[in-house]
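Asker: Input: one structure, supplied below.
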Amino acid sequence: MFNKIFLGIAVLAMLGYGAVALTGTEFGDPERDFVPADVRQSPGGYRSFHYWHSGYQGGK
Amino acid sequence: MTLTRANCPSCGAPVEFKLGSSIVVVCEYCNSAIARTDRDVRNLGKVADLVDTRSPLAVGVEGRLDGKPFVLTGRAQIRHQAGGVWDEWYATFGDGRTGWLAEAQGRFYFTFPNRVSDPSQIPQLANCRPGMSGPLPGAPNTFVVAEIGSARPFAAEGEIPYELVPNEEYYFVDLSGDNGTFATIDYSESPPLLFLGREVTLSGIGIHREADSFDARERRVGAVRVTCPKCGGPMDLRAPESERATCPNCNALLDVAQGNLKFLETLQYRGAPLIPLGSAATWDGVELTTIGYMTRSCVVEGVTYPWEEYLLYNPRAGFRWLVHDSGHWSFVTPVSAGDIFDGETEATFHGKRFKRFQAATACVDCVFGEFYWQVRVGERSHTTDFVSPPDILSKEISNTEISWSHGVYVERDVIGQLYPVQRPLPEPLTVGMAQPNPHRGKIRPWAILLLIGFAMGLVFQSCGSRRPVFRQTFQLQPVASADATAVVFSDEFQVNAFENLKVEMTAPVDNSWFYAEGDLVNVETGLVQSFSMPVEQYHGVEGGESWSEGSTHSETHISSLPAGRYVLRLEAQWQEFAKPIAPTIVITQGVPRLLHWGLLLAFLVGGLVLAAIVKGSFEKRRWAESMFNPYATDE
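Line order of the protein sequences matches chains X and D. To convert a position in the first sequence, counted from 1, into the numbering used here, add 156. To convert a position in the second sequence, counted from 1, into the numbering used here, add 1094.
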């Protein structure tokens, strides 16, 4: 019984792998949004959409 | 000139030798065995009345062997040293050949005398041992000694091709070859007589009157009610071949002797059979009646291991066994020793290899019902079991005989459905030696899925387009502070649908960092896909050891985007903000992901390994019950 369940999951995993490969899907993508053209073309237009991060804290 | 007609020396009745090959004819009036010589006839003595063996054959029955017609012209009844009786039918062919059709326990063997130019090629009786194998003159294959015994002809009818002296004992060796071949050596003469042939079926030799005979015989089976000579109680005899029977009323062990019951002893214990004697069930299309029950046991390292055996009987098919051992059941059929290659630690039967599981001396502890041999409590034989689940091969060997049987594991529920069992069937407490591994078929699906997954990955890896869609080096000018950002836009470029995007960034950092957030912007729809990428690279010397970490390169993968024209907006910070920096961005589409393939393969390999572990664990538990446990470690 358990083996059949695991086999079912394995088949689903294979189908999922095929679907991911065929559709070019990636996991963990940042969200997508829309920025209208009039906003994009206005000065500082991206600011209203794209809040800049608090500043990169990299460095050794 | 050979005599063909004469008068019986005993009673004077006329006797006729119809066949040129006949040596003896039995007087129909006084049962004298009359042998002819060149000039006269001799009386060899009186033969007994024929025992009713309920044979489907009779003198005068015609048949065909390999297309050659024959007729049964005589019959001798032989009594085995162990008490059993079998029939040997003398067959005369139209081309003058003569052969013997032996009938025992529902099986038939057709043999022909084989002239041997060099008698030394025939094994000597003293050198024969059950189980030994070797060639025979005139036979292409090797034969296994199946039985060594002695017998006495005691009754006869019709014409006989040898000088049958009533009750004269002779020794014989029966040998079994592969594919049903059979041989017997008769040591009544010197040099011994060799007969070669094979096992046959009546329908295979064109004798079809068996149906009527068997039907009549089957009607008689189960209808023979006799009286116990010990207690006077009624009891049934179901098999004409029975040599021993027990009284269900007083538990007396009786010598059957063709229906003439004789008290032998009173048995202390009759056992408690789960399957009632007399019950019938259909196995392999044959209805078999349970006629006997016995318990046996063996002692290994001081521990007694008991099991039960039920003797099943059908007049057409002969005898079978149903064996119950610790909650596990198997249906057992006798097989010819010649069909088995006995390699001691392994045996081969019909191309299937069996591993030795246990070997011990088995002892009969109790008997109840009917048996076709002179069974007794305390009877011992050396048994060896070989397994190849769900099949089992069993060898029983004594000083005079080797017998093999082939068993097939039967699920407990099947027994419960087939028989009106007397009480709940015991649950198995251990893994049965022939119990099919319930995990046996579980490895293959995982292996197949693994192969498919591997092949899928190969296809995707080789078919990925890996199409470059964008490459640009941006010249970023110094900014005011480390928190300040520089923003640049790329030219438009084409992105295809259903292909992921791999974004790579290379920045010339040295003991510093560069960080960028990017937006892929569809210029037609306004769709924005953001991503971020840090690049850090550090190195130095510490305690005399040089070290480095990070890289000037970074990459990320993004899901496919709707097809269209896109620009890249890049907003960047970098540690050495007072200096210009020139990061390079490369975007490629249709990049197969090794990570996804690896995860899939890891999952499938995990399943395969788990299935193998579970299967192996079952086998370990099975072989833990064996005295030849291959998993045992020397301690």
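Each residue gets a CB set at the ideal place from its N, CA and C atoms; glycine is no exception. Owing to the predicted nature of the structure, the values given are computational and were not obtained by experimental measurement.
Tell me the DSSP secondary structure of residue 1690 of chain D in three-state form.
Answerer: Helix.
Asker: Provide the residue span of the beta strand (DSSP E) that contains residue 1247 of chain D, from first to last.
Answerer: First-last of the beta strand (DSSP E) with residue 1247 of chain D: 1236-1254.
Asker: Taking residue 1266 of chain D as part of the beta strand (DSSP E), name the residues at either end of that continuous run.
Answerer: Its beta strand (DSSP E) spans residues 1264-1271.
Asker: Residue 1562 of chain D lies in the beta strand (DSSP E); which residues open and close that run?
Answerer: Looking at the DSSP string, the run of the beta strand (DSSP E) that includes residue 1562 of chain D is 1561-1567.
Asker: Can residue 1386 of chain D and residue 1337 of chain D be called in contact, C-beta distance under 7 Å?
Answerer: Contact flag unset, no.
Asker: By how many angstroms is the C-alpha of residue 1370 of chain D removed from the C-alpha of residue 1515 of chain D?
Answerer: Taking the straight line from one Cα to the other gives about 7 Å.
Asker: Report yes or no: do three or more beta-carbon pairs, one from the stretch 1690-1698 of chain D and one from the stretch 1567-1584 of chain D, lie closer than 8 Å?
Answerer: Flag = no, the stretch 1690-1698 of chain D and the stretch 1567-1584 of chain D do not touch.
Asker: So the beta strand (DSSP E) residue 175 of chain X belongs to, where does it begin and stop?
Answerer: Counting along the chain, residue 175 of chain X falls outside any beta strand (DSSP E), though it belongs to the alpha helix (DSSP H) covering 158-179.
Asker: How do the stretch 1377-1392 of chain D and the stretch 1480-1495 of chain D stand: do at least 3 beta-carbon pairs fall below 8 Å, yes or no?
Answerer: No, because fewer than three Cβ pairs between the stretch 1377-1392 of chain D and the stretch 1480-1495 of chain D fall closer than 8 Å, the two stretches do not touch.
Asker: By DSSP, does residue 184 of chain X sit in helix, in strand, or in coil?
Answerer: Coil, per DSSP.
Asker: Output needed in chain order: residues of the stretch 1529-1549 of chain D with a Cβ under 8 Å from some Cβ in chain X.
Answerer: Within the stretch 1529-1549 of chain D, the residues whose Cβ lies closer than 8 Å to some Cβ of chain X are 1533, 1536, 1539, 1540, 1543, 1546, 1547, listed in chain order.
Asker: Between the stretch 167-181 of chain X and chain D, which residues of the former have a C-beta closer than 9 Å to a C-beta of the latter?
Answerer: Residues 167, 169, 170, 172, 173, 174, 176, 177, 178, 179, 180, 181.
Asker: If contact is defined by three or more beta carbon pairs under 8 Å, each pair taking one atom from either stretch, is the stretch 1229-1243 of chain D in contact with the stretch 1327-1345 of chain D?
Answerer: Output reads no: the stretch 1229-1243 of chain D does not touch the stretch 1327-1345 of chain D.
Asker: How about residue 158 of chain X: is its C-beta nearer than 7 Å to some C-beta of chain D?
Answerer: Not closer than 7 Å to any Cβ of chain D, the Cβ of residue 158 of chain X fails to qualify, so no.
Asker: Compute the distance between the beta-carbons of residue 1278 of chain D and residue 1266 of chain D, then report whether it is under 7 Å.
Answerer: Against a cut-off of 7 Å, the Cβ pair of residue 1266 of chain D and residue 1278 of chain D comes out as a contact.
Asker: Is there a Cβ from chain X that is less than 7 Å from the Cβ of residue 1172 of chain D?
Answerer: Taking Cβ atoms only, chain X never reaches closer than 7 Å to residue 1172 of chain D, which makes this a no.
Asker: Using a beta-carbon distance below 7 Å, is residue 185 of chain X in contact with chain D?
Answerer: Yes, contact with chain D.
Asker: Whose C-beta lies closer than 8 Å to the C-beta of residue 1320 of chain D among residues of the same chain, with five residues either side of it excluded?
Answerer: The residues are 1328, 1329, 1330, 1331, 1353, 1355.
Asker: Take residue 1098 of chain D and list the residues in its own chain whose beta-carbon comes closer than 6 Å to its own, dropping the five residues that flank it on each side.
Answerer: Closer than 6 Å at Cβ, skipping near neighbours: 1111.
Asker: So, is the C-beta of residue 1647 of chain D closer than 7 Å to a C-beta in chain X?
Answerer: For residue 1647 of chain D, the answer is no, since every Cβ of chain X falls outside 7 Å of its Cβ.
Asker: Taking only beta-carbon atoms, is residue 189 of chain X less than 7 Å away from chain D?
Answerer: By this cut-off, residue 189 of chain X is an interface position.
Asker: Should residue 1123 of chain D go down as buried or exposed, given a rule of 16 or more other Cβ atoms within 10 Å for buried?
Answerer: Counting Cβ neighbours within 10 Å, residue 1123 of chain D comes out exposed, since fewer than 16 surround it.
Asker: For the structure I just gave you, are there three or more beta carbon pairs, one from the stretch 1254-1264 of chain D and one from the stretch 1156-1164 of chain D, closer than 8 Å?
Answerer: Contact between the stretch 1254-1264 of chain D and the stretch 1156-1164 of chain D is absent, because fewer than three Cβ pairs lie under 8 Å.
Asker: Mind checking who residue 1457 of chain D pairs with in its DSSP beta bridge?
Answerer: Beta-bridge pairing links residue 1457 of chain D to D:1391, D:1474.
Asker: Buried or exposed: residue 1423 of chain D, going by 16 or more other Cβ atoms within 10 Å of its Cβ?
Answerer: Buried is the call here.
Asker: As a quick exercise: from D:1118, D:1408, D:1666, pick the residue whose alpha carbon is nearest that of residue 1379 of chain D.
Answerer: For the residues D:1118, D:1408, D:1666, the minimum Cα distance to residue 1379 of chain D belongs to D:1408.
Asker: Give every residue of the same chain whose Cβ lies closer than 7 Å to the Cβ of residue 1317 of chain D, excluding the five residues on either side of it in the sequence, and list them in chain order.
Answerer: With a pLDDT of only 48 at residue 1317 of chain D, under 50, the local geometry of the prediction cannot be trusted, and the value read off the model is given with reservation. Once the five neighbours on either side are set aside, residue 1317 of chain D has no close Cβ partner at all.
Asker: May I ask which residues mark the beginning and end of the alpha helix (DSSP H) holding residue 1538 of chain D?
Answerer: Where residue 1538 of chain D is concerned, the enclosing alpha helix (DSSP H) stretches over 1537-1557.
Asker: Distance, Cα to Cα, residue 1576 of chain D vs residue 1628 of chain D?
Answerer: Near 14 Å, if we compare the C-alpha coordinates of residue 1628 of chain D and residue 1576 of chain D.
Asker: Nearest CA to the CA of residue 1269 of chain D: which residue from D:1226, D:1253, D:1690?
Answerer: Taking only the C-alpha atoms, the option nearest residue 1269 of chain D is D:1226.
Asker: Give the single residue among D:1109, D:1439, D:1686 whose Cα lies nearest to the Cα of residue 1594 of chain D.
Answerer: When only C-alpha atoms are compared, the closest one is D:1686.
Asker: Taking only beta-carbon atoms, is residue 194 of chain X less than 7 Å away from chain D?
Answerer: It does not; no Cβ of chain D falls within 7 Å.
Asker: Grouping DSSP H, G and I as helix and E and B as strand, with all else coil, what is residue 1371 of chain D?
Answerer: Correct three-state label for residue 1371 of chain D: coil.
Asker: Give the straight-line distance between the Cα atoms of residue 1051 of chain D and residue 1184 of chain D, rounded to the nearest whole angstrom.
Answerer: No statement about residue 1051 of chain D is possible, as the shown extent of chain D runs from 1095 to 1729 and does not include it.
Asker: Just the C-alpha distance for residue 1734 of chain D and residue 1605 of chain D, rounded to the nearest angstrom, thanks.
Answerer: Because residue 1734 of chain D is not part of the residues shown, which for chain D are 1095 to 1729, the question remains open.
Asker: Go ahead and pull the three-state DSSP assignment for residue 1591 of chain D.
Answerer: Of the three classes helix, strand and coil, the one that applies to residue 1591 of chain D here is coil, per DSSP.
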